[in-house]
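**Q** Reminder that position 6 of the sequence shown reads as 656 in the working numbering, one-by-one numbering, no gaps.
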Amino acid sequence: MNKDAIKQIEKSENEPSLTDLVQRWLERTPGLELEGFNFWGKYQRAVEIVLEEQRVFSRSKCILH
């Protein structure tokens, strides 16, 4: 191996892992706590609304043709 590659490997071994970085990010993300804002419920409802809008749009296009 060349010296630059070895230095990069050594540097990466001293940096936080991707798992650590994701964990830190999740700890700061609002709405994921057990009590309080229900992120997943709101997200599910938003997806349901979008899907229903797409169904209505698709049906209207079929009727026009």
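Note that CB positions come from ideal geometry on N, CA and C, so glycine has one too.
Compute the Euclidean distance between the alpha carbons of Arg695 and Lys657, then round it to the nearest angstrom.
**A** For Arg695 and Lys657, the distance between alpha carbons rounds to 49 Å.
**Q** Note down the Cα distance separating Ser662 from Arg678, rounded to an integer number of angstroms.
**A** Those two C-alpha atoms are separated by around 24 Å.
**Q** For the alpha helix (DSSP H) holding Ser662, just list the boundary residues, first then last.
**A** Here the alpha helix (DSSP H) through Ser662 covers 653-664.
**Q** Quick check: the Cα distance between Arg705 and Phe687, rounded to an integer number of angstroms?
**A** About 29 Å.
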